[in-house]
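Enquirer: First the structure, which I've put down as structure tokens, then a few questions once you've had a look.
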Amino acid sequence: MATNDNGISKDSVPTGWTLVAIIVFISMALYNVVELSFIILATFKRRSGLYFWSFVVAAWGIAPYAVGFLLKALQVMSTTWVYVTLIVIGWCAMVSGQSVVLYSRLHLVMLSDRRLRMILTMIIVDGIICHIPIIVMVYGANSPNPQPYIVPYSVYEKVQVTIFFIQEVIISGCYIYETTRLIRISREVRDRDGTRSLMAHLILVNIFIVMVDITILALEYAGLYDLQTAYKALVYSVKLKLEFSILNRLVELSTRSTNGGLAVHRGNVWMDTLDGGKQKRVVEQGLGNKVQVHSEVSSAKAQGKNIAMTTEISIQRSRRRSEWESDGNSADDRSDIARAASSSSRQGIIEDRYC
């Protein structure tokens, strides 16, 4: 089976329609990287936080990965370590970076810190057990004596593709499950600000991510290594563009809610639609999760026929006051703020920040 995995070693050169398909996939991926770069610079006003930097690493990691495989396919240089180095650097940034992007927005819907830590641990462990062996095998398979590495590389390539597929399925599955729970809660507010529509959109995006990952898995198990690696660059660039689809929907919801006063917070750290800095925790004694859903008419101030009405969904976790006081200004006091300024004054953005 290993001998059918085309493109593993430096001596396996794609030709004909396979080469054309590789060039097309890589060209589209590189175009998406350029587009993503402009979108990133135009969208993020505050260039900090885990979400921003993981997005940058994942997007810009596609470029060296794609260029490395393009140089290998075209055989334009005899020095193999140059394109192999580009491939491994780009691959690590692209694959693990994508998982961190998914993780960095999971806390918006998942209230369990323990589960979040477990998912982060999974990403780190999978990165170690997959990246390090593959890096060694890629250099070996493209060395002057590639034969000892081709069979183990062929086997472990399938293993790592499967592991990363399962990893993204787990993250997306958690996101879908938690978002579905929030949809049930949002029914009580009559979908005034499109909350349920937004959450349904997020679920569909995560389902699509899983589906395109299945196509990568299918190409790998079909023994089409050269096509799978080029196609993977395109798929990961498309998945990052879908992240901006999610971002745009959050901006849309926040902009519509600026006058409506919609706010969602986790652990008493507000996910606010208004421009604001680090929010102050107000913690009461007690344990457990609390959900508040209420609507009210603001201060009975009617102008003509217009009455301002606010709807608030408050999802919070309470811990004993002593536990919060002991934390001080530790890393647990982190805030992730989704905000959009008024459309009449400045362009809405989403800020993801860890304090």
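With our numbering applied, the sequence shown corresponds to residues 1 to 355, in that order. C-beta: ideal position from N, C-alpha, C; glycine also. These figures come from a predicted structure and were not determined experimentally.
(1) Report yes if the CB atom of E178 is closer than 8 Å to the CB atom of V109, and no otherwise.
(2) Starting from R115 and walking both ways along the alpha helix (DSSP H), at which residues does that stretch end?
(3) Would you tell me roughly how many angstroms separate the C-alpha atoms of G16 and Q75, rounded to the nearest one?
(4) Give me the Cα-Cα distance between D11 and T162, rounded to the nearest whole angstrom.
(5) Quick check on this structure: which residue in Q98, L86, A93 has the alpha carbon closest to the alpha carbon of G61?
(6) Rounded to the nearest angstrom, what separates I23 and M77 at their Cα positions?
(7) Please report the distance separating the alpha-carbon of P14 from that of D226.
(8) I'd like the list of long-range same chain contacts for E168, defined as Cβ closer than 6 Å, with 5 residues on each side in sequence excluded.
(9) May I have the straight-line CA-CA distance separating R115 from K72, to the nearest angstrom?
(10) As a quick exercise: from L70, A218, V125, pick the residue whose alpha carbon is nearest that of I87.
(11) So for N145, helix, strand or coil by DSSP?
(12) For S322, collect the residues of the same chain with a Cβ closer than 6 Å to its Cβ; drop the 5 residues on either side in sequence, then sort them by chain order.
(13) Just to confirm before moving on: does the CB-CB distance between T80 and N142 stay below 8 Å?
(14) Quick check on this structure: which residue in G90, Y153, I129 has the alpha carbon closest to the alpha carbon of V56?
(15) Alpha carbon to alpha carbon, what distance is there between I150 and G127?
(16) Which first and last residues belong to the alpha helix (DSSP H) in which G55 is found?
(17) Between V205 and S245, is the Cβ-Cβ spacing less than 8 Å?
(18) What is the DSSP secondary structure of K158, counted as helix, strand or coil?
(19) Give the range of the alpha helix (DSSP H) segment to which A42 is assigned.
(20) Would the beta-carbon of I8 fall within 8 Å of that of S154?
(21) Confirm, please, whether the CB-CB distance from I203 to I176 is below 8 Å.
(22) Rounded to the nearest angstrom, what separates I170 and N145 at their Cα positions?
(23) Mind checking F38: buried by the 16 CB within 10 Å criterion, or exposed?
(24) Comparing C-alpha positions only, which one of N248, V84, V235, A66 sits nearest to Y139?
(25) Does the beta-carbon distance from A66 to L36 come in below 8 Å?
(26) With C-beta atoms as the reference, is I185 less than 8 Å away from A200?
(27) With hydrogens ignored, establish whether the beta-carbon of Y149 is closer than 7 Å to any heavy atom of the ligand ATP.
(28) So, does the CB of S96 fall closer than 8 Å to a CB anywhere in chain E?
(29) Do you know how far the Cα of V95 is from the Cα of M28?
(30) If distances are taken between C-alpha atoms only, which option among Y51, M122, V136, F25 comes closest to A233?
(31) Note the first and the last residue of the continuous alpha helix (DSSP H) segment covering T85.
(32) Within 10 Å of its beta-carbon, does G49 have 16 or more other beta-carbons around it, so buried, or fewer, so exposed?
(33) Please return the same chain residues whose Cβ sits closer than 6 Å to the Cβ of N259, not counting the five positions on each side in sequence.
(34) Is the Cβ-Cβ distance between Y236 and Q147 less than 8 Å?
Expert: Considering the structure as presented:
(1) In the sequence shown, residue 178 corresponds to position 178, counting from 1. In the sequence shown, residue 109 corresponds to position 109, counting from 1. Yes.
(2) Here residue 115 corresponds to residue number 115 of the sequence shown, with the count starting at 1. 113-141 is the span of the alpha helix (DSSP H), which, as asked, contains R115.
(3) Taking the sequence shown and counting its residues from 1, the one referred to as residue 16 is at position 16. Taking the sequence shown and counting its residues from 1, the one referred to as residue 75 is at position 75. Near 14 Å, if we compare the C-alpha coordinates of Q75 and G16.
(4) Within the sequence shown, numbered from 1, the residue matching residue 11 stands at position 11. Within the sequence shown, numbered from 1, the residue matching residue 162 stands at position 162. So the two alpha carbons sit approximately 26 Å from each other.
(5) By 1-based counting over the sequence shown, the position of residue 61 is 61. The option with the nearest alpha carbon to G61 is A93.
(6) Indexing the sequence shown from 1 puts residue 23 at position 23. Indexing the sequence shown from 1 puts residue 77 at position 77. For I23 and M77, the distance between alpha carbons rounds to 17 Å.
(7) Here the question's residue 14 lines up with position 14 in the sequence shown. Here the question's residue 226 lines up with position 226 in the sequence shown. In a straight line, the C-alpha of P14 is about 7 Å away from that of D226.
(8) One-based indexing of the sequence shown puts residue 168 at position 168. Result list for E168: D213, in chain order.
(9) Here residue 115 is taken as the residue at index 115 of the sequence shown, counted from 1. Here residue 72 is taken as the residue at index 72 of the sequence shown, counted from 1. Rounded to whole angstroms, R115 to K72 spans 41 Å at the Cα level.
(10) As a working note, residue 87 is residue 87 in the sequence shown. It is L70 whose Cα lies nearest to the Cα of I87.
(11) Working through the sequence shown from its first residue, we reach residue 145 at position 145. Of the three classes helix, strand and coil, the one that applies to N145 here is coil, per DSSP.
(12) The residue given as residue 322 occupies position 322 in the sequence shown. Caution is warranted here: a pLDDT of 41 is assigned to S322, below 50, making its placement in the model unreliable, and the coordinate value is therefore given only provisionally. Within the same chain, S322 has no close Cβ partners at all.
(13) Position 80 of the sequence shown holds residue 80. Position 142 of the sequence shown holds residue 142. Result yes, Cβ atoms of T80 and N142 sit closer than 8 Å.
(14) As a first step, residue 56 must be located in the sequence shown, where it is residue number 56. It is G90 whose Cα lies nearest to the Cα of V56.
(15) Within the sequence shown, numbered from 1, the residue matching residue 127 stands at position 127. Within the sequence shown, numbered from 1, the residue matching residue 150 stands at position 150. Going from the Cα of G127 to the Cα of I150 covers about 22 Å.
(16) Translated into the one-based positions of the sequence shown, residue 55 becomes position 55. With the sequence shown as reference, residue 55 is identified as Phe, and Gly is not the correct amino acid for it. Note, F55: alpha helix (DSSP H), 50-74.
(17) Counted from its first residue, the sequence shown places residue 205 at position 205. Counted from its first residue, the sequence shown places residue 245 at position 245. Yes; because the gap between Cβ atoms is below 8 Å, this pair is in contact.
(18) In the sequence shown, the residue the question calls residue 158 occupies position 158. Helix, per DSSP.
(19) Position 42 of the sequence shown holds residue 42. First-last of the alpha helix (DSSP H) with A42: 16-43.
(20) Position 8 of the sequence shown, counting from 1, holds the residue named residue 8. Position 154 of the sequence shown, counting from 1, holds the residue named residue 154. Contact: yes.
(21) Locating residue 176 in the sequence shown gives position 176, counting from the first residue. Locating residue 203 in the sequence shown gives position 203, counting from the first residue. Yes, they are a contact pair.
(22) If you number the sequence shown from 1, residue 170 lands on position 170. If you number the sequence shown from 1, residue 145 lands on position 145. Looking at the two C-alpha atoms, the distance is approximately 39 Å.
(23) The residue given as residue 38 occupies position 38 in the sequence shown. Exposed, because fewer than 16 other Cβ atoms sit within 10 Å of the Cβ of F38.
(24) What you label residue 139 is simply residue 139 of the sequence shown in a count that begins at 1. It is V84 whose Cα lies nearest to the Cα of Y139.
(25) Here residue 66 is taken as the residue at index 66 of the sequence shown, counted from 1. Here residue 36 is taken as the residue at index 36 of the sequence shown, counted from 1. No, these two residues do not count as a Cβ contact at 8 Å.
(26) Locating residue 185 in the sequence shown gives position 185, counting from the first residue. Locating residue 200 in the sequence shown gives position 200, counting from the first residue. Not in contact: I185 and A200 (Cβ atoms no closer than 8 Å).
(27) No copy of the ligand ATP appears in this structure; indeed no ligand is present at all.
(28) Here there is only one protein chain, and chain E is not present.
(29) Along the sequence shown, one-based indexing puts residue 28 at 28. Along the sequence shown, one-based indexing puts residue 95 at 95. Whole-angstrom Cα-Cα distance: 18 Å.
(30) Within the sequence shown, numbered from 1, the residue matching residue 233 stands at position 233. Checking every option, the nearest Cα to that of A233 belongs to F25.
(31) Sequence index remark: in the sequence shown, residue 85 carries index 85 (1-based). Start and end: 80-104.
(32) Mapped onto the sequence shown, residue 49 falls at position 49. It counts as buried.
(33) Taking the sequence shown and counting its residues from 1, one reaches residue 259 at position 259. Confidence is the limiting factor: at N259 the pLDDT is only 42, short of 50, which leaves the residue's position unreliable and the question unanswerable from this model.
(34) Your numbering for residue 236 matches position 236 in the sequence shown. Your numbering for residue 147 matches position 147 in the sequence shown. Against a cut-off of 8 Å, the Cβ pair of Q147 and Y236 comes out as no contact.
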